[in-house]
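Q: According to this note's numbering, the first sequence is numbered sequentially starting from 899. Where is the CB? At the ideal position from N, CA and C, for every residue including glycine. Handing you a structure now.
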Amino acid sequence: MPELPEVETTLRGLNILIGLKVIKVHVITKKLRYTIPNTIFKIEKNSKVAKVERIAKYILIHFDSGYSIVIHLGMSGRLKIINKSNKTYKHDHFLLKLNKSKTLVFNDARKFGFIDVDKSLIIYKRRYITSLGIDALSLKLNSKYLIKKIGKSEVPIKQILLNQKILSGIGNIYASEILFDAKISPFVKGRLLKTKQMNSLIKSIRKILKKAIKLGGSSIRDYSSSDGTLGNFQSKFFVYNQEGKTISKYKVKKVVQYGRSTYYCPGLQKEQNSN
DNA sequence: AGACGTACCTGACCGC
DNA sequence: TGCGGTCAGGTACGTC
899 MPELPEVETT
909 LRGLNILIGL
919 KVIKVHVITK
929 KLRYTIPNTI
939 FKIEKNSKVA
949 KVERIAKYIL
959 IHFDSGYSIV
969 IHLGMSGRLK
979 IINKSNKTYK
989 HDHFLLKLNK
999 SKTLVFNDAR
1009 KFGFIDVDKS
1019 LIIYKRRYIT
1029 SLGIDALSLK
1039 LNSKYLIKKI
1049 GKSEVPIKQI
1059 LLNQKILSGI
1069 GNIYASEILF
1079 DAKISPFVKG
1089 RLLKTKQMNS
1099 LIKSIRKILK
1109 KAIKLGGSSI
1119 RDYSSSDGTL
1129 GNFQSKFFVY
1139 NQEGKTISKY
1149 KVKKVVQYGR
1159 STYYCPGLQK
1169 EQNSN
């Protein structure tokens, strides 16, 4: 699930951990996408969760000891908060036991996610953080920024949206949804996007991501008891996974770009006549 | 420097 | 029911 809206929803669920004290760090599987560093054991007993934060698709948990944990969910990663810590499930890789009988669990079937730990100030300097482009929901995102970044790009806009160094937070599902909403063809090259299209793209980015967060938000209530899945997402997609569906007389089509599926509606997302 | 294919890993699903 | 093939929401890396 994890694109910006899912990560944001997860983060909101983690807020209930603030103020809780660490009882135990338990690594079940060290080898994720990267090996969990031994600095994980620097998360000491009795240090308190001071703050949780989202940077792009990364979740940061800051402790009052000055250390921070970074979690990336990869393709299949999930964070759960369970009330009883004695039972683990398949693909549970990491447990953070806290007081008030809360345990944070990282579960990831495909192990494409990772966990990193270091002093907060060092964490912020990690390459995977510093190289990120502007957050897709940032108010600093405007056409001027896009022109600077992609005004000369030969890369199709679908691929640009997935480039975290340009815009961070958008993944393969919302890239298709956003382009559909903006009525922009996924094939248009960056340099051929007109300013007007960039502005409608930015509008759609905000609209689609915010809507998704809002829908995900309904699951927060049950976060501590459930597995945090965002049930009714799939039914809300206009084009993603909707090959063959008809939208005002036009069919949704699936293509593969750069090895990733793109869903779009050729009738409504025309390639502009590039002058 | 930038663009592209590939690799990482497991599960779900489809057709036979 | 089982087998093989294909696909999956992300990112880094080697190669050109």
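What ranges does the alpha helix (DSSP H) occupy inside the segment 1006 to 1081, keeping only unbroken runs of at least 4 residues that lie completely in it?
A: Listed in chain order, the complete alpha helix (DSSP H) runs (minimum 4 residues) inside the segment 1006 to 1081 are 1018 to 1021, 1025 to 1028, 1041 to 1048, 1055 to 1060 and 1070 to 1080.
Q: Please go through the same chain and pick out, in chain order, the residues whose beta-carbon is closer than 8 Å to the beta-carbon of Val1154, but skip the five residues on each side of it.
A: Against the first sequence, residue 1154 aligns to sequence position 256. Result list for Val1154: Thr1160, in chain order.
Q: Do Phe992 and Ile916 count as a contact pair if the criterion is CB distance below 8 Å?
A: For the purposes of this step, residue 916 is identified with residue 18 of the first sequence, where counting begins at 1. For the purposes of this step, residue 992 is identified with residue 94 of the first sequence, where counting begins at 1. No, the Cβ-Cβ distance between Ile916 and Phe992 is not below 8 Å.
Q: Identify whether Leu918 lies in helix, strand or coil by the three-state DSSP scheme.
A: As a working mapping, residue 918 is identified with position 20 in the first sequence. Of the three classes helix, strand and coil, the one that applies to Leu918 here is coil, per DSSP.
Q: Looking at the secondary structure, which residues open and close the alpha helix (DSSP H) in which Gly911 lies?
A: Numbered from 1 along the first sequence, position 13 holds the residue referred to as residue 911. Run containing Gly911: Leu902 to Leu912, per the alpha helix (DSSP H) assignment.
Q: Under three-state DSSP, which class holds Ser1099?
A: What you label residue 1099 is simply residue 201 of the first sequence in a count that begins at 1. Position check: residue 1099 holds Leu in this sequence, whereas Ser was assumed. Note: Leu1099 maps to helix in three-state DSSP.
Q: With burial defined as no fewer than 16 other Cβ atoms inside 10 Å of the residue's Cβ, what is the status of Lys1108: buried or exposed?
A: Walking along the first sequence from the start, residue 1108 turns up at place 210. Lys1108 is exposed by the Cβ-count criterion.
Q: For Thr1144, which residues does DSSP report across the bridge?
A: Along the first sequence, read from residue 1 onward, the residue named residue 1144 stands at position 246. Answer is Lys1149, bridged to Thr1144.
Q: Buried or exposed: where does Lys1060 fall if 16 or more other Cβ atoms within 10 Å of its Cβ makes it buried?
A: Within the first sequence, numbered from 1, the residue matching residue 1060 stands at position 162. The sequence given here places Leu at residue 1060; Lys does not occur at that position. Its Cβ being crowded by 16 or more others within 10 Å, Leu1060 is buried.
Q: Can you tell me whether Glu906 is buried or exposed? The criterion is at least 16 other CB atoms within 10 Å of its CB, across all chains shown.
A: In the first sequence, the residue the question calls residue 906 occupies position 8. By the neighbour-count rule (16 or more Cβ atoms within 10 Å), Glu906 is buried.
Q: In three-state DSSP terms, what is Ala1110?
A: Your numbering for residue 1110 matches position 212 in the first sequence. The answer is helix: DSSP assigns Ala1110 an H, G or I state.
Q: Rounding to the nearest angstrom, what Cα-Cα distance links Arg1024 and Pro935 in this structure?
A: Locating residue 1024 in the first sequence gives position 126, counting from the first residue. Locating residue 935 in the first sequence gives position 37, counting from the first residue. Their Cα atoms are separated by approximately 14 Å.
Q: How would you label Ser1146, buried or exposed, when you count the other beta carbons within 10 angstroms and need 16 or more for buried?
A: For the purposes of this step, residue 1146 is taken as residue 248 along the first sequence, with counting starting at 1. By the 10 Å Cβ count, Ser1146 comes out exposed.
Q: Assign Asn1019 to buried or exposed, taking buried as 16 or more other Cβ atoms, counted over all protein chains shown, within 10 Å of its Cβ.
A: Within the first sequence, residue 1019 is the residue found at index 121, counting from 1. Correcting the residue type first, residue 1019 is Leu in the shown sequence and not Asn. Answer is exposed; the Cβ neighbour count stays below 16.
Q: Helix or strand or just coil, what does DSSP make of Gly975?
A: Along the first sequence, one-based indexing puts residue 975 at 77. Gly975 falls in the strand class under three-state DSSP.
Q: Along the beta strand (DSSP E) that carries Asp990, what are the first and last residues, could you check?
A: Locating residue 990 in the first sequence gives position 92, counting from the first residue. From DSSP, the beta strand (DSSP E) with Asp990 extends over Asp990 to Leu996.
Q: Helix, strand or coil: how does DSSP classify Asp1120 here?
A: To locate residue 1120, count along the first sequence from 1; it is residue 222. Per-residue confidence for Asp1120 stands at a pLDDT of 35, beneath the threshold of 50, marking its modelled position as unreliable; no derived number is given.
Q: Using the DSSP secondary-structure output, state which residues sit across from Gln1155 in a beta bridge.
A: Your numbering for residue 1155 matches position 257 in the first sequence. Note: Gln1155 sits in a beta bridge opposite Arg1158.
Q: Which residues mark the beginning and the end of the beta strand (DSSP E) in which Arg952 is found?
A: Sequence index remark: in the first sequence, residue 952 carries index 54 (1-based). From DSSP, the beta strand (DSSP E) with Arg952 extends over Val947 to Ile953.
Q: Take every Cβ of the segment 1033 to 1052, pair it with every Cβ of the segment 1004 to 1011, and state whether three or more of those distances are shorter than 8 Å.
A: No: the two stretches stay apart, fewer than three of their Cβ pairs being nearer than 8 Å.
Q: Ordered along the chain, which non-local residues of its own chain (more than five positions away) have a Cβ less than 8 Å from that of Ile957?
A: Locating residue 957 in the first sequence gives position 59, where the first residue counts as 1. Result list for Ile957: Val905, Thr908, Leu909, Leu912, Val950, Glu951, Val968, Ile969, His970, Leu971 and Leu977, in chain order.
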